[in-house]
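Chains as they are written, first to last, in this note's numbering: chain A, 1 to 192; chain B, 1001 to 1573.
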Amino acid sequence: MQREYDLEEHLTRDELLALRNKRAGVFVFQVSWIMAFVCLVVVNWQLRFSPNWMPPGTEPVSAIPGAVATIGLLLSAGLVKRAVDAVRADDQRAFLMQWLGAMGLGVLFVGIMLVEWFSVEPGTQYALVFRFMTGFHVLHALAIGVYMLLVYNNGRRGAYGPYEFWAVEAGARLWYFVLVAWLLFYVVIYWA
Amino acid sequence: MAATAYPVSGFQEPVKRPALAEYLRWSIDHKIIGVQYIVTSFIFFLIGGALALLIRTELMVSPDEITVMADGVAYNSLFSIHGTVMIFLFIVPMFAGFGNYLIPLMLGAKDMAFPWLNAFAFWLLPPAGLLLLFGWFVGPAEAGWTSYPPLSTLAEFSGDGQTMWALSIHLVGLSSILGAVNFIVTIRNMRPPGMGYFQMPLFVWATLATSIIVLLATPFLAGALTLMLFDRVAGTTFFDPSGGGDVLLWQNVFWFYSHPAVYIMILPGMGVLSEVLSIHSRKPIFGYRMIALSSMAIALVGFTVWAHHMFTSLQPELRIPFMITSMIIAVPTGIKIFGWLATIWMGKIRFTSAMLFSLGFLSMFVIGGISGVMLAAVPIDIHMHDTYFVVSHFHFVLFGGSVFAIYSAIYHWFPKITGRMLDERLGRIHFALTYVGFFFTFFPQHILGMRGMPRRVAVYDPQFHDLNVLVSLASFVLGISTFVLVYNIAVSLVRGKVAGANPWRALTLEWMTTSPPPAYNFVGDPIPYEDPYGYGTPASQAYLDAMESRFGPPLPQEKAPETEKPSAQPAGD
């Protein structure tokens, strides 16, 4: 277990309040925005009753690539967590390695989902909803991935440390959101 | 916590109102942003009101042909834009404005948790409003504020204005979400020492409950709007049955947001009432905890009632559960109503303009609530669906409730915001005209609806003409009443009586600083009184006296009022 530095000792009252506010703000926004994903789950469920949902002869996409992507995303989120711990313990090398690994697994996830997106046969409501849901999710993964790349570049220049880690933590929290949103979608799209 | 004799730690010089230019540019001061919200939304109120008067003129002139408007399309656009402007660009942002101005002050904070985000959320509104209004010129939205498909999705029924409508509401929704994040974090993290959740002013509780609804419901609207935009511009068929879509999907998702949105529009008004009724009757609020928790109950139950808007299209077996939940939500609302009545009971009521509008809210909102319970009953709803009864019901809630509360808030907090009192004589004239104009505009619509007049029509059965003439004439009185307020504001800003820091002798923290407050709000950390509504006790008297020894009398140009005697009434709880 790496040692974390005592923020209470080092930061002023206003800085601590700002950090608490940022953490709470990101969490509250995530609670809100996950509802947009829940909305699409509702769309998925309601349109399943459409006669054009999956006409005879149409096959749903295989669950295996989705499972591989999910495992990749889970591992990626784990690495992100370790990277945040590393930067808070001032272990720059571990931080950069784990952050880079997380991004690599993120690229794998996005790549698999893009293949899935293009491979589904169009013309049915199933395909429309599948593409909309996965596309919506991948857009979030890409946007947050770009942010993670910026964090990595700044990290290489030594921008983060035990008292300057909010940008890293924010990236991690956003990446967890990508994971949670995906787990919600994965169950509905592939299993339900 | 023991009563504290000194609400503030340092001395504050009186400050001047910010210059006009401050309000016209980017600012991260929550007070400037609050005023920006309030003024912008009031301008939209005037626009929405003008559209309403055009509707009423059309309905008054001739029942059996379109005379004032160019054609039916123009009439459809009129009520569509009227509803959208009033809901999304007036009521919702108006309360966001009061929240922005008041929440940090009520919590003794220097600003909101995220000042930059706060400014950004406001500056999304003007482009949203322009998008909506300019849509008129490119094939206006004409599917009503509810924008049901296929009217809203198929090109033959609606022009590019409908696309602009959806983009506009997207921007307003984003603004609301960012505002709600800010409110929740501010309320959670920035309360002063000594102010637990159950020492917060009830307006803060109401804003917290509202923000929770915004947070959880608005993304649904965002999702629905995105699908609508895809159907309109990308050729998808989410709502088009000919391509396998489902028109009822929109209704489900839209009302999952839009029924809770009713509480977004009324809960802050209820918060205003809790402040005004207690302060202007010099009584502790009755049932503080119940009123606070009933806001949360409304927020929660509000998510279980959306399908009562779909009784005519819903599977029959789902009607009864939604009927029951829709009736249950009247219970926490009733708790508030009885709490307020008990608060003013035997109080030393001052019939100020703020108080009059709050009492007006009580009477009118109850009528709207009762007609709401009537509509929650499936047999009645099926009979009344899409008639003027529904129009009357929601105007009793949203005008008789929200707008009366907004007027009350303007009279109550204008002195704090501007350092000047509004003219009370003009305020009473404003109230009388509004009350009478409102009642005769909307009450007869119950009768029209019960007799079968459908809503959203420009041409109707001539048997309804007489009542429509009465309604239209009353609506003109209502329109005129607004200009009494505008005149009052204009005159009072220049010649109004100078307001002290605490003209109403209130106990909440926004009054423990100068009027208007300085940019930093407070010198040091203000110390809240143990009970924000603990009027009529020696301890609260001492707190107010200490406050006045720092900031001067309530109305510096007038003789100081006699010291209040502690009330013989027991505390409300």
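The beta carbon of each residue, even a glycine, is placed where N, CA and C say it ideally should be.
**Message:** With H, G and I counted as helix, E and B as strand and the rest as coil, what does DSSP make of R88(A)?
**Reply:** Shown here, R88(A) sits in a helix according to DSSP, grouped into three states.
**Request:** Whole angstroms is fine: what's the gap from G158(A)'s alpha carbon to V151(A)'s?
**Result:** Distance between the alpha carbons of G158(A) and V151(A) is about 10 Å.
**Rounded separation between E116(A) and G171(A) - CA only** = Using only the alpha carbons, I get a separation of about 26 Å.
**Prompt:** Mapping DSSP to helix, strand and coil, what is V1498(B)?
**Reply:** Strand at V1498(B).
**Asked** DSSP on E9(A), reduced to helix/strand/coil?
**Response** E9(A) falls in the helix class under three-state DSSP.
**Prompt:** Quick one: what does DSSP say T1387(B) is sitting in, helix, strand or coil?
**Reply:** In the structure shown, T1387(B) sits in a strand (DSSP, three-state: E or B).
**Prompt:** What number of angstroms, rounded off, separates the C-alpha of A1003(B) from the C-alpha of E1530(B)?
**Reply:** Confidence at A1003(B) is low in this model, with a pLDDT of 45, below 50, so its placement is unreliable and no value can be given for it.
**Asked** So which residues of chain A does R1188(B) contact, with C-beta pairs closer than 7 Å?
**Response** Within 7 Å Cβ-Cβ: A24.
**Item:** Buried/exposed call for A77(A), threshold 16 Cβ in 10 Å
**Value:** A77(A) counts as buried, since no fewer than 16 other beta carbons sit within 10 angstroms of its beta carbon.
**the region 1327-1347 of chain B in contact with the region 1285-1300 of chain B per 3-pair CB rule at 8 Å** = Yes, the region 1327-1347 of chain B touches the region 1285-1300 of chain B.
**Asked** Sorted by chain position, which residues of the same chain lie with C-beta nearer than 7 Å to M133(A)'s C-beta, five sequence neighbours on each side aside?
**Response** Beyond the five residues adjoining it in sequence on each side, M133(A) comes within less than 7 Å, by CB distance, of L40, N44, F185, I189 in the same chain, given in chain order.
**Asked** By the criterion of Cβ-Cβ separation under 7 Å, what are the contact partners of M133(A) in chain B?
**Response** Neighbours of M133(A) on chain B: none; closest Cβ ~11 Å, over 7 Å.
**Request:** Go to L1160(B), then tell me how far its alpha helix (DSSP H) extends in each direction, as first and last residue.
**Result:** In the sequence as presented, Leu is not what sits at residue 1160(B); that position holds Asp. If you look at D1160(B), you'll find it in the alpha helix (DSSP H) that goes 1160-1189.
**Partners in chain B for Q46(A), counting only beta-carbon separations shorter than 9 Å** = Ordered by position in chain B, the residues that pass the 9 Å Cβ test against Q46(A) are D1246, L1248, L1249, N1252, V1253.
**Prompt:** If we cut at 8 Å on Cβ distances, does T1236(B) have a partner in chain A?
**Reply:** For T1236(B), the answer is yes, since a Cβ of chain A falls inside 8 Å of its Cβ.
**Asked** For the candidate residues E9(A), R20(A), R93(A), whose alpha-carbon lies nearest to that of M1574(B)?
**Response** Nothing in the structure corresponds to residue 1574(B), since chain B is present only between 1001 and 1573.
**Message:** Run through the DSSP bridge pairs and tell me what P1454(B) is partnered with.
**Reply:** DSSP lists T1387(B) as partners of P1454(B).
**Request:** Check whether the Cβ of F1120(B) lies closer than 8 Å to any Cβ atom in chain A.
**Result:** At least 8 Å separates the CB of F1120(B) from every CB of chain A.
**Item:** Option nearest Q30(A) by Cα separation, candidates G72(A), V178(A), A83(A)
**Value:** Answer by Cα proximity: V178(A).
**Prompt:** What does P1219(B) touch in chain A if you count any residue whose Cβ is under 7 Å from its own?
**Reply:** From the beta-carbon of P1219(B), the residues of chain A found nearer than 7 Å are S32, W33, M35, A36, C39.
**Prompt:** In the region 172-190 of chain A, which residues sit with their C-beta less than 9 Å from some C-beta in chain B, listed in chain order?
**Reply:** Correct list: empty, as no residue qualifies.
**Message:** Taking the alpha carbon of F1045(B) as the reference point, which residue from I1055(B), V1035(B), I1087(B) has its own alpha carbon closest?
**Reply:** Ranking I1055(B), V1035(B), I1087(B) by CA distance to the CA of F1045(B) puts I1087(B) first.
**Request:** Whole angstroms is fine: what's the gap from S1313(B)'s alpha carbon to L1249(B)'s?
**Result:** Cα to Cα, the separation comes out at about 11 Å.
**Item:** Contiguous alpha helix (DSSP H) assignments of at least 4 residues, all confined to the region 8-80 of chain A
**Value:** Listed in chain order, the complete alpha helix (DSSP H) runs (minimum 4 residues) inside the region 8-80 of chain A are 13-47.
**Prompt:** Taking buried to mean at least 16 other C-beta atoms within 10 Å of its own C-beta, is D1573(B) buried or exposed?
**Reply:** Note that D1573(B) scores a pLDDT of 37, beneath 50, so its modelled location is shaky and nothing firm can be said.
**Request:** Use the C-beta contact count for H10(A): other C-beta atoms within 10 angstroms, 16 or more gives buried, fewer gives exposed.
**Result:** Exposed, by the Cβ-count rule.
**Prompt:** From this set, P1104(B), F1256(B), L1215(B), I1212(B), which residue's C-alpha is nearest M1195(B)'s C-alpha?
**Reply:** When the alpha-carbon of M1195(B) is set against those of P1104(B), F1256(B), L1215(B), I1212(B), the nearest one is in P1104(B).
**Members of the region 49-75 of chain A that neighbour chain B once the beta carbon cut-off is set at 8 Å** = Hits within the stretch, in order: F49, S50, P51, N52, W53.
**Beta-carbon gap between L1117(B) and L1178(B) smaller than 8 Å** = The beta carbons of L1117(B) and L1178(B) sit closer together than 8 Å.
**Prompt:** Does any C-beta atom of chain B lie closer than 8 Å to the C-beta of L128(A)?
**Reply:** It does; some Cβ of chain B falls within 8 Å.
**Asked** So is I1213(B) buried or exposed if we call it buried at 16+ other beta carbons inside 10 Å?
**Response** Classification of I1213(B): buried, given that the 10 Å Cβ count is 16 or more.
**Request:** Return the CA-CA distance between P1150(B) and R1025(B), expressed in angstroms with no decimal places.
**Result:** Spanning the two alpha carbons is a distance of roughly 41 Å.
**Request:** Note down, in chain order, each residue of its chain lying with its Cβ closer than 8 Å to the Cβ of V87(A), except the 5 sequence neighbours on either side.
**Result:** Here the set comprises F95, G155, Y160, G161, P162, F165, V168.
**Request:** Could you tell me whether the Cβ of A1299(B) comes closer than 8 Å to any Cβ of chain A?
**Result:** With 8 Å as the cut-off, A1299(B) does not count as an interface residue toward chain A.
**For R1420(B), three-class secondary structure by DSSP** = It is a strand residue.
**Asked** Does the beta-carbon distance from L183(A) to Y147(A) come in below 8 Å?
**Response** Remark: C-beta atoms of L183(A) and Y147(A) do not approach each other more closely than 8 Å.
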